[in-house]
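To keep things clear, I will list the structure first and then write my remarks on it.
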Amino acid sequence: MVTVKVVCAKDLISSIEIEGHAGFDDSGKDLVCAGASSISIGALNALDQLFKNDCILEMKENRISIKVKESKEGLEQVLRCIVIQLETMVESYPEYIRIIRKEV
C-alpha cells in the first residue's frame with residue numbers, strides 16, 4: 002500500500018511523506034504506483050524549481066519527503082494541489098493508497 006502522511010500546523014501543510022508500493026499489479030504494470038510516482042516526482046521537480054530554498058526535498062527508494070522550512074502562499078497552493086491529486090487516487094483505489102493526516 003502507498004501511504005501518504007500529511008502533517009499540518011494551523012491549517013498549513015508542514016510536511017508530506019509518500020512511501021510504499023501499492024501492490025495493485027506486477028512491477029511495471031502497477032497503475033496506482035505509477036500514478037502516485039508521477040504526482041510525487043512532478044511535485045518534487047516543481048517545488049525544486051519554484052521553492053528551492055523554502056523546502057527540504059528528499060527522494061529515496063520507495064519514499065518521497067517534502068518538509069516546509071518557510072511557508073508561502075504559492076508554496077501552500079502547490080502542496081494542497083499534491084494532496085488533492087492523491088486524494089483523487091484514494092477515491093478510485095482506497096485499498097492501495099491511503100492518506101493519514103496529523104495536526105500539530
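Heads up: the sequence shown begins at 2 in our numbering, then just goes up one per residue.
Every residue gets a Cβ at the ideal spot worked out from N, C-alpha and C, and that includes glycine.
Every value quoted in this text rests on a predicted model; they were computed, and no experiment measured them.
*Assuming ASN54 and GLY21 make a contact with CB atoms under 8 angstroms, what is their CB distance in whole Å?*
Not really, about 29 angstroms apart at Cβ, beyond 8 angstroms.
_Looking at VAL7: is its Cβ nearer than 8 angstroms to the Cβ of ARG102?_
yes
*Does DSSP put VAL105 in a helix, in a strand, or in coil?*
coil
*Once you ignore the five residues that flank ILE83 on each side, which residues in its own chain have a CB closer than 7 angstroms to its CB?*
ILE17, ILE40 and ALA44
*Identify, in the order they occur along the chain, each residue of the same chain with its Cβ nearer than 6 angstroms to the Cβ of LEU80, setting aside the five sequence neighbours on each side.*
ILE14
*Could you say which of TYR97, ASP49, ALA35 and GLU74 lies nearest to SER66 if we only look at CA atoms?*
ASP49
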